[in-house]
Amino acid sequence: MLAKHRGDAVAVCALGMAANEWWAATKSEDSFYMHGAMGFAASFALGLALSLPKVPVWLINADGSLCMNLGCLLTEASQAARNLKHFVVDNGVYQTVGGLPMVNEARTDYVAIARGAGFARARSIQELDDLERQLPGIAAEDGPSFTVLRVEPESDFLRTPPMTYEGPEMKYRFGRALERRFGIEVFGPQGY
Amino acid sequence: MDVTEAIHGELTKCGVKLAASLPDDWVAPLIQRIAADNRIRHVRVAREAEAVAICSGAFFGGVRAVALMGATGLLTCTGELATLNLRHQIPVFLIVSQRGSIDDHRIYQEVQGRRTIPLLQAYDFPYHVIDRPDEIASIPDAFEACRLQKRPFVLFLTRRLVKGSAAA
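Those protein sequences? They're chains F and R, same order as listed. Residues in the first sequence are numbered consecutively from 1, following the working numbering. Residues in the second sequence are numbered consecutively from 193, following the working numbering.
Right, dumping it as structure tokens:
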């Protein structure tokens, strides 16, 4: 559903199932799939959004990653990047490592935290038809916005496989894709 | 020209357009100077690893960036530097106070003084120390070395450089 409505947005995905599912749905090379630095896809997306202010940047975050770097919400809110949309896939568990429950065990209101951090636009969506109805408006509104997508955990371990490339190849595929799309120079004349 | 003005000038020569920072008292004057420059987007962060990831995202936007922090902050983000920057070979240029030196008489900095450089060596993160004002002109070379080596590069500022020779 998110992929269907992304339009021209560049995506940054938190490590784990958020990245795997986005790859499965889009096969897009103009998306960055975090493999480490858990919690910091949000900060990476902010840096990208500030550097390309005319390009919509969608952060596909996860609840485990958000909890590892809740301070990102303060920074995002204060920077007020109009082109940044923050989505949190909230399944209440650490899916990638076998579905173990999160520290907060569903007691936490992430929307209230985002509002408290300074987000004017924050909401939670629990039903697929509600998501379908709201996504065009979310895509069109000014950022920064914060949208929690409440989903059910998967029962299987690592059901969706990761993308088929990694490490430096991820860097070069993503950087070259952005160079082609936006006419920017990520790498210098000698390729680094 | 004072030290912060000179460093700021060299960063401008490097083409730096974004700075992400969390201060300690040695780098605070430099951060304040950069924050006052409307040609550089300044991002105040809540944790040093945010600065690392913000600069990494900026790299892919074609924007030259610098992360500024204290040595203690550098220690907090070695995991992110390893699993994001080392793993993907993403350059990130960090300006860090070299705390815990023999003229830094702060008890809470002594471990940083003894273990920070061995830690960088263990990760194979290059670094360069600026100890005197006439060495500030080496910043563009350090910045280029960071891009060329495609990994975290730490530019240390000593106490003698930023606070003068009298220890306190």
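Just so it is clear, CB atoms sit at the ideal spot from N, CA and C, and this is done for glycine as well. Note that this is a predicted model, so its numbers are computed, not measured.
For Leu-69 of chain F, go through chain R and note every residue whose CB falls closer than 8 Å to its CB, in chain order. In the first sequence, residue 69 of chain F corresponds to position 69, counting from 1. The sequence given here has Asn at residue 69 of chain F, not Leu. Simply Arg-239, Ala-241, Glu-242.
For Tyr-315 of chain R, name the three-state secondary structure that DSSP assigns. As a first step, residue 315 of chain R is located in the second sequence; it is residue number 123 there, counting from the start. If DSSP states are grouped into helix, strand and coil, Tyr-315 of chain R belongs with the helices.
Span of the beta strand (DSSP E) around Asp-90 of chain F: Along the first sequence, one-based indexing puts residue 90 of chain F at 90. Run containing Asp-90 of chain F: 84 to 90, per the beta strand (DSSP E) assignment.
Residues that Met-163 of chain F contacts on chain R, provided the C-beta gap is smaller than 7 Å: The residue labelled residue 163 of chain F in the question sits at position 163 within the first sequence. The premise fails here: Met-163 of chain F is roughly 13 Å from chain R at the closest Cβ pair, so nothing lies under 7 Å.
Over what stretch of residues does the alpha helix (DSSP H) that includes Leu-50 of chain F continue unbroken? Against the first sequence, residue 50 of chain F aligns to sequence position 50. From DSSP, the alpha helix (DSSP H) with Leu-50 of chain F extends over 41 to 51.
What residues of chain F sit near Lys-342 of chain R, judged by a beta carbon separation below 7 Å? Mapped onto the second sequence, residue 342 of chain R falls at position 150. Tyr-192, listed in chain order.
For the alpha helix (DSSP H) holding Ile-138 of chain F, just list the boundary residues, first then last. In the first sequence, residue 138 of chain F corresponds to position 138, counting from 1. From DSSP, the alpha helix (DSSP H) with Ile-138 of chain F extends over 128 to 140.
Could one say the Cβ of Lys-85 of chain F lies closer than 8 Å to chain R's Cβ atoms, at least one of them? Taking the first sequence and counting its residues from 1, the one referred to as residue 85 of chain F is at position 85. Answer no: the Cβ-Cβ gap between Lys-85 of chain F and chain R never drops below 8 Å.
Is any beta-carbon of chain F found at less than 8 Å from that of Cys-247 of chain R? Walking along the second sequence from the start, residue 247 of chain R turns up at place 55. Answer yes: the Cβ-Cβ gap between Cys-247 of chain R and chain F drops below 8 Å somewhere.
In chain R, which residues lie less than 8 Å from Ser-78 of chain F when you measure between Cβ atoms? Position 78 of the first sequence holds residue 78 of chain F. Correct list: Arg-236.
Cβ shell of Ala-18 of chain F (< 7 Å), same chain only, five flanking positions each side left out: Within the first sequence, the letter at position 18 stands for residue 18 of chain F. Excluding residues within five positions, the ones whose Cβ falls inside 7 Å are Ile-60, Asn-61, Ala-62, Val-89.
Can you look up Ala-211 of chain R in the DSSP assignment and give me helix, strand or coil? Residue numbering aside, residue 211 of chain R sits at position 19 when the second sequence is read from its first letter. Of the three classes helix, strand and coil, the one that applies to Ala-211 of chain R here is strand, per DSSP.
Find the residues of chain F that neighbour Phe-371 of chain R, judging by a C-beta separation of less than 8 Å, and give them in chain order. Residue 371 of chain R is absent from the structure shown; chain R starts at 193 and stops at 360.
Starting from Cys-269 of chain R and walking both ways along the beta strand (DSSP E), at which residues does that stretch end? The residue you call residue 269 of chain R lines up with position 77 of the second sequence. Note, Cys-269 of chain R: premise wrong, no beta strand (DSSP E); not H, not E.
For the alpha helix (DSSP H) containing Ala-122 of chain F, list its first residue and its last residue. As a working note, residue 122 of chain F is residue 122 in the first sequence. Where Ala-122 of chain F is concerned, there is no enclosing alpha helix (DSSP H), although the beta strand (DSSP E) it sits in stretches over 121 to 125.
The alpha helix (DSSP H) that contains Arg-352 of chain R, what's its start and end? Within the second sequence, the letter at position 160 stands for residue 352 of chain R. Its alpha helix (DSSP H) spans residues 351 to 355.
Determine the contact status of Ala-245 of chain R and Leu-210 of chain R, defining contact as a CB-CB distance below 8 Å. Taking the first residue of the second sequence as 1, we reach residue 245 of chain R at position 53. Taking the first residue of the second sequence as 1, we reach residue 210 of chain R at position 18. Contact flag unset, no.
Does the CB of Phe-146 of chain F have a neighbour CB from chain R at under 8 Å? In the first sequence, counting from the first residue as 1, residue 146 of chain F sits at position 146. Answer no: the Cβ-Cβ gap between Phe-146 of chain F and chain R never drops below 8 Å.
Using a Cβ-Cβ cutoff of less than 7 Å, which residues in the same chain neighbour Arg-6 of chain F once the five nearest sequence positions on both sides are dropped? Within the first sequence, numbered from 1, the residue matching residue 6 of chain F stands at position 6. Counting only Cβ-Cβ distances below 7 Å, and skipping sequence neighbours, we find Trp-58.
Buried or exposed: where does Ala-49 of chain F fall if 16 or more other Cβ atoms within 10 Å of its Cβ makes it buried? Translated into positions along the first sequence, residue 49 of chain F becomes position 49. So Ala-49 of chain F ends up on the buried side.
Using the Cα positions of Val-195 of chain R and Glu-202 of chain R, report the straight-line distance between them to the nearest angstrom. In the second sequence, residue 195 of chain R corresponds to position 3, counting from 1. In the second sequence, residue 202 of chain R corresponds to position 10, counting from 1. Taking the straight line joining both Cα atoms gives about 11 Å.
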